[in-house]
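Undergrad:
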Amino acid sequence: MKKTKPLIVANWKMNPDTQDKAKALFLETKRSAEKSPKVKVIVCPPYIYLPELGKLKDKSVILGAQDASTEPAGSFTGEISAIMLKHQGEGYVIIGHSERRAMGESDDLISKKVAMALKTGLKVILCVGENARDGHGEYLHFLREQLIKSLSGVSKSFLKNLIVAYEPVWAIGKTEAEAMTARDLHETSLYLKKVLAEIYGPKIGPAISILYGGSVSYKNAKQLLEEGEVQGLLVGHESLSPRKFEALLQSLN
Ligand code: PGA
Numbered sequence: 037m038k039k040t041k042p043l044i045v046a047n048w049k050m051n052p053d054t055q056d057k058a059k060a061l062f063l064e065t066k067r068s069a070e071k072s073p074k075v076k077v078i079v080c081p082p083y084i085y086l087p088e089l090g091k092l093k094d095k096s097v098i099l100g101a102q103d104a105s106t107e108p109a110g111s112f113t114g115e116i117s118a119i120m121l122k123h124q125g126e127g128y129v130i131i132g133h134s135e136r137r138a139m140g141e142s143d144d145l146i147s148k149k150v151a152m153a154l155k156t157g158l159k160v161i162l163c164v165g166e167n168a169r170d171g172h173g174e175y176l177h178f179l180r181e182q183l184i185k186s187l188s189g190v191s192k193s194f195l196k197n198l199i200v201a202y203e204p205v206w207a208i209g210k211t212e213a214e215a216m217t218a219r220d221l222h223e224t225s226l227y228l229k230k231v232l233a234e235i236y237g238p239k240i241g242p243a244i245s246i247l248y249g250g251s252v253s254y255k256n257a258k259q260l261l262e263e264g265e266v267q268g269l270l271v272g273h274e275s276l277s278p279r280k281f282e283a284l285l286q287s288l289n
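Below, the structure written as structure tokens:
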């Protein structure tokens, strides 16, 4: 069987602050991706840079967005719809990132966004993750609930375009020393597959790809991917440093 390439998603968040810097960062990222053909690279910049970066992209890098509205069009000031992204030529969208959840997005809202984006034909990277870990496994209940609720209303027929990104909030934006261990990740990724099997059945559920995000760096990427048994990684701050991101991709190539 052909091994699928690991998916590496660069989440630029609200960076960089000018279009020129975004273009320069994108060109460097593209060069790194070209040197690592065994890895599939997706860059998710702020919306405003998508059209310009779209002109610079080639086969080595795919563009994605960081959010999409629940609605197709209309009076929703400040929103961007999945259909606009689709027309713009973007294939992927991150939905339910913990930083958006912290701004007030509920599981219910997120499930509507996921359903709309999938219906529009985008590939969705749905983020889930607990805020903290406890010794009694409460976080597992939290994760289960969050995953089930964030997928309510998402039917089996759209699952081929769904990816789940596990991002424990406590591990985001730190150093690799504070990231999750590959062993804990393995346990959690198995647990998430179990919950997906519960929702969608034992055949389809566990076939959904799981990514890990939270202080991924060139130092821990390979171990997290291989021992953590995940199909890819979501990279935040290290994707803003061309040198470190190149080293990360190289480590997986
Ligand atoms: P980080 O961010 O790599 O900076 O921890 C990951 C994320 O929030 O997606």
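For the sequence shown, the working numbering assigns the number 37 to the initial residue and increments by one for each residue that follows.
Beta carbons are placed, not taken as given, at the ideal position from N, Cα and C, and that holds for glycine.
So is N47 buried or exposed if we call it buried at 16+ other beta carbons inside 10 Å?
TA: buried
Undergrad: Can you list, in chain order, the residues of its chain whose CB lies under 8 Å from that of K71, leaving out five sequence neighbours each side?
TA: Around K71: E282, L285, Q286 and N289.
Undergrad: Ligand 1 and V271: does the residue's C-beta get closer than 7 Å to at least one heavy atom of that ligand?
TA: Indeed, a heavy atom of ligand 1 lies less than 7 Å from the Cβ.
Undergrad: Rounded to whole angstroms, what is the Cα-Cα separation between L261 and L269?
TA: 7 Å
Undergrad: Using DSSP's beta-bridge definition, name the partner residues of G249.
TA: L270
Undergrad: Between the stretch 150 to 166 and the stretch 199 to 206, can you find at least three pairs of beta-carbon atoms closer than 8 Å?
TA: With the cut-off at 8 Å, the stretch 199 to 206 and the stretch 150 to 166 touch.
Undergrad: By Cβ distance, which residues of its chain are closer than 7 Å to Q182, with the 5 residues on each side in sequence left out?
TA: In chain order, D143 and V164 place their CB closer than 7 Å to the CB of Q182, counting only its own chain and leaving out the 5 sequence neighbours on each side.
Undergrad: So, does the stretch 119 to 126 touch the stretch 76 to 91, judging by three or more C-beta pairs under 8 Å?
TA: Here the stretch 119 to 126 makes contact with the stretch 76 to 91; the two share three or more CB pairs at distances below 8 Å.
Undergrad: Buried or exposed: where does M37 fall if 16 or more other Cβ atoms within 10 Å of its Cβ makes it buried?
TA: Interpretation of M37 is limited by its pLDDT of 48, a score under 50 that renders its predicted location unreliable; the figure taken from the coordinates is listed afterwards. By the neighbour-count rule (16 or more Cβ atoms within 10 Å), M37 is not buried but exposed.
Undergrad: Going by the DSSP bridge assignment, what does G100 pair with across the sheet?
TA: Y128
Undergrad: Jot down the residue ranges of each uninterrupted alpha helix (DSSP H) in the stretch 147 to 196, minimum 4 residues, whole runs only, in chain order.
TA: 174 to 186
Undergrad: Could you please give the first and the last residue of the uninterrupted beta strand (DSSP E) stretch that includes Y202?
TA: Segment L198 to Y202, the beta strand (DSSP E) holding Y202.
Undergrad: To the nearest angstrom, report how far apart H177 and R169 are at their CA atoms.
TA: 11 Å
Undergrad: By the DSSP assignment, the beta strand (DSSP E) with A46 in it spans what residues?
TA: L43 to N47
Undergrad: Can you give the Cα-Cα distance for T173 and D56, rounded to whole angstroms?
TA: This sequence places Gly at residue 173; Thr is not what is there. Each residue's alpha carbon lies about 46 Å from the other.
Undergrad: What residue range is occupied by the uninterrupted alpha helix (DSSP H) comprising L235?
TA: Rather than Leu, the amino acid found at residue 235 in this sequence is Ile. Element bounds for I235: A218 to Y236.
Undergrad: Which residues bound the alpha helix (DSSP H) around K91?
TA: Per DSSP, K91 belongs to the alpha helix (DSSP H) from L86 to L92.
Undergrad: Would you call E234 buried or exposed, if buried means 16 or more other Cβ atoms sit within 10 Å of its Cβ?
TA: exposed
Undergrad: With a threshold of 16 other CB atoms inside 10 Å of the CB of F112, please say whether the residue is buried or exposed.
TA: Answer is exposed; the Cβ neighbour count stays below 16.
Undergrad: Relative to the C-alpha of K239, which residue among K229, L154, E274 and M120 is closest?
TA: K229
Undergrad: Please tell me whether, using a cut-off of 7 Å, the distance from the CB of N47 to the nearest non-hydrogen atom of ligand 1 is below it.
TA: yes
Undergrad: If you run the structure through DSSP and keep just helix, strand and coil, what is V205?
TA: helix
Undergrad: Under the three-state reduction of DSSP, which class applies to I116: helix, strand or coil?
TA: coil
Undergrad: By Cβ distance, which residues of its chain are closer than 8 Å to L247, with the 5 residues on each side in sequence left out?
TA: L43, V45, I161, I199, V200, A201, Y202, V266, Q267, G268, L269 and L270
Undergrad: If you draw a straight line from the C-alpha of G100 to the C-alpha of C80, how long is it?
TA: 5 Å
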